[in-house]
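Undergrad:
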Amino acid sequence: MALQRKKRDHPNGKADFNELEDDAYESVGFHDYGDYFERKKRKLQNQNAALYRDTEESSTSNIFKGLSMAINGYTNPSYSELRTMIIQNGGTFVQYVDKKTSLSFLICSFLTPSKANQWKHHKVVTPQWIVDCINKKKLLPWTNYRAIQPVASQSLLSFPETYRERDSQLSKQHHESLKVDSQVEDALPSYNEEQTEMKERSENLPDSLKSLSNSARHNYLLLKNPNIRKSTTQNPEFLQKFFNSSRLHHLSTWKTALKEEIQIMTASTGLTSSRNLKSINEKHFIMHVDFDCFFAAVSTRNTGDLQLKPVAVAHGIKNSEIASCNYEARKYGIKNGMFVSTAKSLCPSLVLVDYDFDAYEAVSREFYSVLVDTPNDYLKVISIDEALLDLTNHVQCFEDCVNIAESIRTRVRMKTNCDVSVGIGSNVLLARLALRKAKPHNVFYIKDEDASVYMQSLPVQDLPGVGPSQSSKLFELFNVKFVGDLQRLNKNVLQKSFGTNYGLHLYNISRGIDTDVITNETPRRSISVDVNWGVRFVFLEDAMDFLKRLLQELLNRMSKCDVSLHQLQLRVLKRPENVSFDPVKYLGAGEVTPLTRSIMFTSATKSFDILYKRLTNLFISLDVDPGDVRGIGLQASKIVKDTKNEKLFNFNAPIKTPQKKIVSGQFGSPNRLHSQAQEFDKSNEDNDPSLARDTFIPSTPYDLPSSSQISPGVLAQLPQSMQGSIKRQLDVQNKRIDEIPSQLDPLFLKELPTPIRNEVKEDHEITINKRLKLKSHALPNVKVPEDTVKKIQQQDAFERMLRPNKKEKKQYLPQVDLQVLEELPKEIQESVLEENRLSRYDLAREVKMKPNPVISFQQKQSIDDLRELLAKWYQKSPRGPNSHDVDYFSRYLGRVIREERNLLKAQALVRWLQQLNRKDKTAAWQTAIEKTIEAVQEACLVRNTPPLVLL
DNA sequence: GTCATCTACCAG
DNA sequence: CATCGCTGGTAGATGAC
C-alpha cells in the first residue's frame with residue numbers, strides 16, 4: 001500500500017515555557033508585559049519555575065530528588081496535578097520530550113503499541129506510582145508500576161484503580177463467560193480464544209444467546225474478533241484509550257482548561273467589565289486570531305519538504321476522519337471532516353500524518369503567551385488555536401490593529417514555526433468574516449461601511465450560528481443560499497420561522513450587526529462525559545458496567561472542579577429499527593436516535609453509590625435493547641462548588657439572592673435583540689457601571705457566599721472577637737443587598753434547623769423521578785412502596801417550603817468557600833479553625849496564611865519611592881501618559897489590593913496622582929487617573945471590600 | 001404566563 | 001489492521017401548573 005505515514009519529529013523538543021518565562025523576566029521595562037507571567041506564576045502555579053520556587057516554602061518531600069520525569073498522554077491524576085506532585089517532591093519535570101531526551105521516568109497511563117515501542121528503553125510507569133510514593137513518603141520500586149511489561153501483556157497494570165475497583169455484582173456470569181482476560185488474549189492468539197468461546201458456548205451460552213435480540217447477537221459475533229473487541233467498550237481500558245486519541249475530546253478539554261487559565265491570568269489585570277461596559281457605545285476594535293490548519297501545520301512545522309505536499313491529519317487509512325489538512329491538500333478539494341478514503345481518491349499522493357496532541361498543546365502555549373503579551377482589553381479563548389482580542393482601548397484605527405496583528409504573526413511564527421491569520425472588525429462577527437478572507441497566513445479587516453456589500457456573496461453557512469441544518473432550512477423555506485438573499489427577508493418572517501431570538505440573530509448577522517460583547521467568562525454550568533464511538537454491548541450487564549465506568553469518569557472530572565451536582569442527565573444513542581447493525585464508519589454510532597432523561601437530587605451529591613443506583617433505574621426505564629446502544633453520555637448540571645468547613649457556615653440554606661442579569665449569550669440577550677433602537681436604553685441601564693457595582697451580587701455557584709448564609713447559631717458559638725468581625729463583614733454585604741429591592745422571603749432568613757436539613761440529605765437517596773413513577777410499567781419488578789411515596793411527597797413539600805419563590809428554583813446557591821474566613825484577621829482565623837478542629841495542614845492549604853507579598857513596581861515598594869516614581873512619570877509626560885503605562889500601573893494597583901492587600905497604599909498612590917495633576921488639570925491625566933480608580937474599585941469588588949474613598 | 005424538561009443545533 | 005462521532009452552550013418545543 002502506498003500509504004506514506006510520516007511521524008512528526010521534534011527537532012527541538014526544548015521549546016518549553018521555561019525559556020519564555022526567562023525572557024519575560026529579563027526585560028522588565030515600564031512597557032513590559034512580562035508582568036503577566038509574574039502573575040500567572042503566582043496565581044496558577046502553573047509554570048515550572050514557579051513551582052520550583054514555591055517548592056522552597058511548600059515542598060512536601062524530596063523523594064524524587066535527582067529524578068527527571070515527563071508525562072505522556074491522558075492521565076489520572078491530571079497532567080498538571082502530577083506535575084505539581086513531581087516538583088513539590090523534589091523531582092525535575094520535563095515538559096517536552098523526544099526520543100533522545102534522557103529521562104529517569106516517563107509517566108503514562110496508557111501506551112499505544114507504537115508508543116510502547118518508542119519508549120521501550122525508558123522506564124515507563126503509571127501515575128499511580130507517583131501517588132503511592134507520595135502517600136508512603138518514599139520511593140517505591142517502580143517495577144511494580146510498569147506501564148510497559150517486559151512480556152506481551154501490559155494492560156491490566158496500567159489501568160487506573162478507579163475503573164476496576166467497583167466490580168459489578170450484576171454481571172458476573174455472562175461477563176466471565178464472555179470476557180477474555182486481556183493478558184491471555186494478548187499472549188494467546190485466536191486459536192485458544194476460539195476454544196474458550198466454543199467451550200463456553202456449549203456450556204451455558206446457547207440459552208442466553210437464544211434470548212438475545214438480533215442486534216445483541218450481531219454484537220456477540222462481532223466481538224468475538226479480539227481486535228475489534230479491544231477497540232470497544234468491552235475493553236476495560238476503553239475510556240482511557242478513547243479519550244487519549246479523540247481529537248474532539250481534546251478540543252473540548254483544552255478549551256475548558258484554557259478558558260480557566262486565561263480567565264485567571266487576565267482577571268488580575270483589574271481591567272474588567274466596567275472598563276468594557278464604559279466603552280459599550282464606542283466603536284470597538286476586535287481581532288480574531290487563528291492558526292492556519294492547526295493540526296496539519298504543527299505536524300509539518302519543521303519539515304520543509306512535507307509542507308509542499310498535500311498533508312492530512314487522521315488516525316486511520318480508510319473510513320477515518322481528516323481532522324486537518326494543509327492548503328496544498330485543499331487544492332484537491334480535500335476538506336476537514338472528510339473520510340480518508342474519499343480524500344485519497346481525490347489526491348492519491350496525500351500524505352497522512354498521525355495526531356500529536358502533546359505538540360499541539362506545546363504550540364498553543366506559545367501562541368497564548370504571545371497573545372497574553374499583547375496589550376488588550378479582553379482576551380477570549382475560542383479554542384486551542386483560536387482567540388479573540390478586544391483592542392478597543394489600545395488602538396485608534398484599523399491600521400493600528402494591522403500593525404499589532406503583524407507583530408502577533410511574526411512572534412507566533414518565530415516561536416512555533418506556524419502561521420496564524422488575523423481578521424479585524426468592529427465586532428466579533430466582522431472580525432470572524434475578515435478572518436476567513438485573511439486566510440491563509442494574512443491579515444484582513446472589514447470596515448463597517450463595506451460589511452454589507454462584502455457579505456452579500458457569502459454562503460449563509462459561513463455565518464456564525466448557521467450550520468448545515470439551518471442553512472438547508474433557509475434554502476428549503478426561502479430559497480436562500482447567500483447572505484444577500486437572507487438580507488432581503490423580512491424580520492418578522494424570520495422570527496416566525498426560526499423563533500424570536502434566532503430569527504433576530506439571522507436578521508442582524510446578515511447585515512453585519514453583532515451586539516455580542518466580549519465579556520468575562522461565566523463559570524462552567526455543566527460537566528459531561530460522552531462516548532458515541534466503540535459502544536457495543538451484548539448484555540444489559542455490559543451496558544451497566546460501562547455506565548459505571550462512565551459515571552466514575554464523570555465523578556473524577558467533577559472532583560477536579562470540586563463540585564457536586566443537583567441534576568444528572570443520561571443520554572443514550574439508540575440504533576433505530578431497520579438501520580444497519582454496522583455503520584459505514586468503523587465502530588461508529590451510525591444513524592441513531594438520541595434519548596435523554598434526567599434525575600434531580602434535592603441536595604447536591606457526588607456519591608457514586610447514590611448516583612449509580614438512580615442511573616441504573618433510569619437506564620433500564622429507557623428500555624433500550626443493549627445491542628442497539630450506540631452511545632452513552634452523562635451530564636452533571638446545576639452544579640455547586642463543594643465546601644469543606646460545613647461546621648462553620650450554613651452552606652446550603654437556600655437564600656434568595658438577587659441575581660445579576662446575565663446578558664451575554666450565543667445570540668445575545670433577548671432584551672438587546674428585540675430591537676436595537678428600542679432596547680438601547682435598557683441595555684445601557686443594565687450596563688451602567690455604577691449600577692452594576694451597587695447590584696454586584698454573586699451570580700454563580702462559584703461566587704462568594706451570601707452573608708446571610710452564615711447561620712446565627714453558628715455565629716453565636718464563635719469567639720467574641722470573631723463575631724464582631726463577621727458582623728462587620730455582614731454589614732458591608734447586607735448594605736449592598738439592601739440597596740436593591742429585597743425579594744427575600746422571611747422564611748429564608750430563618751435559620752434552618754439542622755436536624756431537618758440532615759433528614760433531607762438522607763432522604764434524597766430515595767427521591768424518585770416522577771417520570772419513573774409514571775413509567776413504572778417499564779419496570780414490572782419495581783414497585784414503589786406506599787411509605788416511600790409519602791416520604792417523597794413530604795419531601796417535595798419541604799422543598800417547596802425551602803424555595804417558595806419560583807424564581808429561586810432555577811438557581812443553585814453559591815456555597816461558601818473560605819474566602820470570608822480568609823478576609824478575617826489571622827488570629828481569628830486561627831481560633832476559628834481550631835474551634836472547628838481543622839488541622840494546621842488544612843489551614844495552610846485552604847487559607848493562605850503566608851504573609852501578604854509586597855508587590856514591586858519598577859523595583860520600588862515603599863509608598864515614598866513610588867510617589868517619587870510617579871512624580872517623574874508625571875513630569876516626563878506633560879501631554880498625558882502612555883496608555884500602556886496607565887494599564888500597567890492600574891494592574892499594579894489591582895495587585896496591591898488583591899495580593900498585597902494594602903488598601904491604604906493603593907489609596908495613597910491614587911491620591912498622589914490626583915495631587916500631581918491638581919495644578920495643571922491636564923485632561924489626559926485626568927482620564928488616566930480615572931482609569932486607575934476604576935481598576936482600584938474593581939479590585940475592591942474582587943476582594944469583596946467596600947470601594948475606596950478616592951476623592 | 002412561567003416553569004422544567006427534553007430536543008435540536010452549533011462550534012471547534 | 002481498522003478507529004477513537006466530544007463537550008458546553010443557547011434556543012425552541014412541549015406540557016404541567
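In terms of UniProt numbering, the first sequence opens at residue 1 and continues consecutively. Backbone N, C-alpha and C fix where the C-beta goes; we use that ideal spot for every residue, glycine too. Since the structure is predicted, the reported quantities are computational estimates derived from the model, not experimental observations.
Per DSSP, which one or two residues make a beta bridge with L389?
TA: Here residue 389 refers to the residue found at position 389 when the first sequence is read from its first residue. Answer by DSSP bridge pairing, in chain order: M287, L379.
Undergrad: Residues in the same chain with beta-carbon distance under 6 Å from K826, minus the five sequence neighbours each way, listed in chain order, please.
TA: Within the first sequence, the letter at position 826 stands for residue 826. Caution is warranted here: a pLDDT of 41 is assigned to K826, below 50, making its placement in the model unreliable, and no coordinate value can be reported.
Undergrad: Apart from the five residues just before and just after R557, which ones in its own chain have a Cβ nearer than 6 Å to its Cβ?
TA: What you label residue 557 is simply residue 557 of the first sequence in a count that begins at 1. Same-chain partners within the cutoff: I527.
Undergrad: Might you give, ordered along the chain, the residues of its own chain that have their beta carbon closer than 7 Å to the beta carbon of Y812, omitting 5 neighbours on each side?
TA: Stepping through the first sequence from its first residue, residue 812 is reached at position 812. Because Y812 carries a pLDDT of 32, less than 50, the predicted location of this residue cannot be relied on, and no value is offered for it.
Undergrad: Would you decide whether E868 is buried or exposed? Buried here means 16 or more other CB atoms lie within 10 Å of its CB.
TA: Working through the first sequence from its first residue, we reach residue 868 at position 868. Exposed.
Undergrad: State the start and end residues of the unbroken beta strand (DSSP E) segment that holds residue 952.
TA: Any answer about residue 952 is impossible in this case: the structure gives the chain only from 1 up to 951.
Undergrad: Between which two residues does the beta strand (DSSP E) containing R595 stretch?
TA: Counting from one through the first sequence, the residue named residue 595 turns up at place 595. A quick correction: the sequence has Leu, not Arg, at residue 595. L595 -> beta strand (DSSP E) spans 593-605.
Undergrad: Terminal residues of the continuous alpha helix (DSSP H) containing F242?
TA: Here residue 242 refers to the residue found at position 242 when the first sequence is read from its first residue. That run of the alpha helix (DSSP H) goes 238-245.
Undergrad: Only counting the same chain, and skipping five residues up and downstream in sequence, which positions put a Cβ closer than 7 Å to that of F581?
TA: By 1-based counting over the first sequence, the position of residue 581 is 581. Within the same chain, F581 has close Cβ partners S215, H218.
Undergrad: Considering only C-alpha positions, which residue in the set D865, V395, K860 is nearest to K283?
TA: On the first sequence, position 283 is the one that residue 283 refers to. The residue with the shortest Cα to Cα distance from K283 is V395.
Undergrad: Quick test of your reading: F546 and I424, contact by CB under 8 Å. State the CB separation rounded to the nearest angstrom.
TA: The sequence position of residue 546 within the first sequence is 546, counting from 1. The sequence position of residue 424 within the first sequence is 424, counting from 1. Going by Cβ atoms, the distance from F546 to I424 rounds to 48 Å, so no, they are not a contact pair.
Undergrad: Can you check DSSP and say which residues form a bridge with D530?
TA: Here residue 530 is taken as the residue at index 530 of the first sequence, counted from 1. Per DSSP, G633.
Undergrad: Going by alpha carbons, who is nearest to G91 out of M455, S80, S104?
TA: In the first sequence, residue 91 corresponds to position 91, counting from 1. That would be S104, whose Cα lies nearest to the Cα of G91.
Undergrad: With a cut-off of 8 Å on the beta carbons, I'd call I322 and V313 a contact; round off their distance for me.
TA: Reading the first sequence from its first residue, position 322 is the one you call residue 322. Reading the first sequence from its first residue, position 313 is the one you call residue 313. Sure, about 7 Å apart at Cβ, within 8 Å.
Undergrad: Give the straight-line distance between the Cα atoms of S877 and F889, rounded to the nearest whole angstrom.
TA: Within the first sequence, residue 877 is the residue found at index 877, counting from 1. Within the first sequence, residue 889 is the residue found at index 889, counting from 1. Cα-Cα distance, rounded: 15 Å.
Undergrad: With distances taken Cα to Cα, identify the nearest neighbour of G503 among A116, L474, T256, T519.
TA: For this step, residue 503 is matched to residue 503 along the first sequence. It is L474.
Undergrad: Figure out for me which residue from W129, I107, N135 has the closest Cα to the Cα of H122.
TA: Working through the first sequence from its first residue, we reach residue 122 at position 122. Checked all of W129, I107, N135; the closest Cα to H122 is I107.
Undergrad: Would you identify the three-state DSSP class for A438, choosing helix, strand or coil?
TA: In the first sequence, the residue the question calls residue 438 occupies position 438. DSSP, reduced to helix, strand and coil, places A438 within a helical segment of the structure shown.
Undergrad: Quickly, what does DSSP pair V125 with across the bridge? List them, please.
TA: Within the first sequence, numbered from 1, the residue matching residue 125 stands at position 125. V125 pairs with I107, R146.
Undergrad: State buried or exposed for G333, treating a residue as buried only when at least 16 other CB atoms are found within 10 Å of its CB.
TA: Taking the first residue of the first sequence as position 1, residue 333 is located at position 333. G333 should be labelled exposed.
Undergrad: Need the endpoints of the alpha helix (DSSP H) that A906 sits in, please.
TA: Position 906 of the first sequence holds residue 906. Unbroken alpha helix (DSSP H) run through A906: 903-916.
Undergrad: Which term fits M414, buried or exposed, when burial requires 16 or more other beta carbons within 10 angstroms of its beta carbon?
TA: Within the first sequence, numbered from 1, the residue matching residue 414 stands at position 414. The residue in question, M414, is exposed, as its Cβ has fewer than 16 Cβ neighbours within 10 Å.
Undergrad: Would you say G894 and E938 are within 9 Å of each other, going by their C-beta atoms?
TA: For the purposes of this step, residue 894 is taken as the residue at position 894 of the first sequence. For the purposes of this step, residue 938 is taken as the residue at position 938 of the first sequence. In this structure, E938 lies closer than 9 Å to G894 by Cβ.
Undergrad: For V820, which three-state DSSP category applies?
TA: Looking up residue 820 in the first sequence gives position 820. For V820, the predicted structure reports a pLDDT of 36, less than 50, and the residue's modelled location is therefore unreliable. The matter cannot be settled from this model.
Undergrad: If you compare alpha carbons, which of Q907, R614, H249, R330 is closest to A935?
TA: Position 935 of the first sequence, counting from 1, holds the residue named residue 935. Measuring C-alpha to C-alpha distances from A935 to each of Q907, R614, H249, R330 identifies Q907 as the nearest.
Undergrad: Mind the definition here: the segment 385-401 touches the segment 367-376 only if three or more C-beta pairs lie below 8 Å; say whether that holds.
TA: They touch, by the three-pair rule.
Undergrad: By a C-beta neighbour count over all protein chains shown, 10 Å radius and 16 as the cutoff for buried, is C418 buried or exposed?
TA: Reading the first sequence from its first residue, position 418 is the one you call residue 418. Looking at its Cβ environment, which holds 16 or more other Cβ atoms inside 10 Å, C418 is buried.
Undergrad: Quick check: what's the CA-CA separation for I933 versus T927?
TA: In the first sequence, the residue the question calls residue 933 occupies position 933. In the first sequence, the residue the question calls residue 927 occupies position 927. Straight-line Cα distance between these residues: approximately 10 Å.
Undergrad: Buried or exposed, going by whether 16 or more other CB atoms sit within 10 Å of the CB of C133?
TA: Locating residue 133 in the first sequence gives position 133, counting from the first residue. Counting Cβ neighbours within 10 Å, C133 comes out buried, since at least 16 surround it.
Undergrad: What's the gap between the Cα of D686 and the Cα of T593?
TA: For the purposes of this step, residue 686 is taken as the residue at position 686 of the first sequence. For the purposes of this step, residue 593 is taken as the residue at position 593 of the first sequence. Since pLDDT at D686 reaches only 32, below the 50 mark, its modelled position is unreliable, and no value is offered.
Undergrad: When the Cα atoms are used, what is the spatial distance from S383 to T605?
TA: As a first step, residue 383 is located in the first sequence; it is residue number 383 there, counting from the start. As a first step, residue 605 is located in the first sequence; it is residue number 605 there, counting from the start. Going by the C-alpha atoms only, they are around 31 Å apart.
Undergrad: Grab the span of the alpha helix (DSSP H) containing I87 for me, first residue to last.
TA: By 1-based counting over the first sequence, the position of residue 87 is 87. I87 -> alpha helix (DSSP H) spans 79-88.
Undergrad: Considering just the uninterrupted stretch of the beta strand (DSSP E) at G423, what are its terminal residues?
TA: As a first step, residue 423 must be located in the first sequence, where it is residue number 423. Residues 420-425.
Undergrad: Taking the C-alpha atoms as reference points, what is the distance between L550 and A257?
TA: As a first step, residue 550 is located in the first sequence; it is residue number 550 there, counting from the start. As a first step, residue 257 is located in the first sequence; it is residue number 257 there, counting from the start. When rounded, the distance between both Cα atoms is 21 Å.
Undergrad: Please state if the CB of D530 and the CB of R597 are separated by a distance shorter than 9 Å.
TA: Position 597 of the first sequence, counting from 1, holds the residue named residue 597. Position 530 of the first sequence, counting from 1, holds the residue named residue 530. Against a cut-off of 9 Å, the Cβ pair of D530 and R597 comes out as no contact.
Undergrad: Helix, strand or coil, according to DSSP, for I71 in the structure here?
TA: Translated into positions along the first sequence, residue 71 becomes position 71. I71 falls in the strand class under three-state DSSP.
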